[in-house]
Amino acid sequence: GLEQQLLARWADRTPDDLPDPAQIDPMLAQLRALRDEFTRLQLYYQFGIDEVSTKVNILRQEFESIHDYSPIEHVRTRLKSADSLLAKAVRQGTDLTLPAVRAEIRDIAGIRITCSFVSDVYWIAEMLSAQQDLTVLATKDYIAAPKANGYRSLHLIVEVPVFLSAGVEHIPVELQIRTIAMDFWASTEHKLFYKYRNELPSHLAAEIEDAGRVAAELDERMGRLRDEIRPRDHGVLD
Ligand code: GTP
Ligand code: MG
């Protein structure tokens with residue numbers, strides 16, 4: 018399990034060559050202490066999600082009230098559990114300390130925004146990036162440059178200030194902004210990936226890659242329709 022894995026990494030040994038039993042108890046105690054620290058840390062990241070979610074909801078409600086239409090179709094948030102956080106730190110060789118984890122793992126807080134059109138994806142990203150209290154730390158544009166498997170989405174790591182009793186904490190939040198077609202593709206790919214434990218048979222890999230092209234083409238067609246309905250607008254159909 019996780020604790021075995023962690024212990025192995027902790028001691029810089031393989032699972033077959035664990036430290037002697039006398040050492041294990043103190044290590045486990047330290048590990049549990051770390052897990053407790055991570056659990057406390059999660060609260061800050063939940064606040065980060067809350068702050069950015071409010072921003073997204075404000076945009077959405079504003080659009081809905083003014084235009085009877087919103088470029089935002091749906092919004093989902095997720096907070097990495099303390100166990101997933103530990104597992105990721107172990108997997109990527111991050112030091113099992115709070116500062117290292119905070120510096121190196123920037124998807125503890127996640128928000129996924131689904132839009133109707135590709136132009137809306139960039140538009141939402143621009144509107145959020147322009148907000149004074151959000152700092153964009155990183156951008157990955159998998160729409161302009163899809164992954165080899167066909168994955169498309171716009172990823173932003175933004176940092177948001179969270180004001181606590183003792184002062185301000187700057188919390189990174191991973192934003193995944195994508196169209197409904199991209200989201201449909203990604204959720205199916207995710208299921209296949211899990212079912213086949215990361216080793217997709219080649220005919221399925223080819224199939225999912227092709228489905229990605231079909232999704233991209235659908236986005237293009239929908240975009241053209243949108244442009245024909247409203248050529249001048251930047252996303253809004255009022
Ligand atoms: P992680 O360590 O997995 O978080 O990835 P990363 O640090 O390399 O960042 P990247 O921006 O490439 O991916 C972040 C997240 O995007 C993932 O955790 C997934 O939620 C999503 N994602 C990235 N690639 C794929 C993919 O090929 N398929 C699916 N379904 N989702 C993906
Ligand atoms: Mg991730």
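Under the UniProt record's numbering, think of the first position of the sequence shown as 18, with each following residue one higher. For every residue, glycine included, the Cβ atom is placed at its ideal position computed from N, Cα and C.
Test item: CB-CB of residue i and residue j under 8 Å
i, j, result
"G240", "F134", "yes"
"Y159", "S170", "yes"
Rounded straight-line distance, which links the Cα of residue j to that of residue i
i, j, result
"L173", "P38", "45 Å"
"residue 258", "D137", "Limits of the chain in this structure are 18 at one end and 255 at the other, which puts residue 258 out of reach."
"G65", "I41", "36 Å"
"E245", "E143", "23 Å"
"residue 12", "E176", "Since the displayed the chain opens at 18 and closes at 255, residue 12 lies outside it and no answer follows."
"I141", "L45", "45 Å"
"H84", "R243", "15 Å"
"residue 324", "I75", "Because the chain spans 18 through 255 in this model, residue 324 falls outside it and cannot be assessed."
"V190", "V107", "21 Å"
"K72", "Y168", "26 Å"
"residue 256", "P178", "The question about residue 256 has no answer, for the chain in this structure spans 18 to 255."
"Q47", "L113", "10 Å"
"Y211", "E186", "35 Å"
"A228", "E234", "10 Å"
"N166", "G110", "26 Å"
"Y213", "R119", "31 Å"
"L217", "P116", "36 Å"
"V231", "Q149", "38 Å"
"L181", "D67", "13 Å"
"Y139", "P43", "50 Å"
"L254", "Q63", "Caution applies to L254, whose pLDDT of 47 falls short of 50 and renders its modelled position unreliable; the model cannot decide the point."
"T205", "R195", "15 Å"
"I125", "K105", "10 Å"
"K164", "N215", "15 Å"
"A162", "H207", "19 Å"
"V92", "R238", "24 Å"
"R247", "W202", "27 Å"
"residue 308", "L154", "Not covered by the structure: residue 308. The range shown for the chain is 18 to 255."
"G252", "S219", "Low confidence applies to G252: its pLDDT is 49, below 50, so where it sits in the model is not reliable, and the reading given next is rough at best. Distance between the alpha carbons of G252 and S219 is about 38 Å."
Beta-bridge partners of residue i, as assigned by DSSP
i, result
"E186", "V179"
"L171", "D158 and I194"
"L96", "A126"
"H91", "T131"
"T152", "E176"
Expected contact under 8 Å - CB spacing of residue i and residue j to nearest Å
i, j, result
"I122", "L102", "6 Å"
"S87", "R77", "5 Å"
"D200", "T131", "5 Å"
"A198", "D236", "5 Å"
"L192", "L209", "Between L209 and L192 the Cβ distance is about 25 Å, and since that is not below 8 Å, they are no contact."
- Should the region 96 to 111 be called in touch with the region 52 to 60, which here means at least 3 C-beta pairs below 8 Å? yes
- Task: Answer yes if the region 47 to 54 comes into contact with the region 150 to 169, meaning at least three C-beta pairs across the two stretches below 8 Å, and no otherwise.
- Result: no
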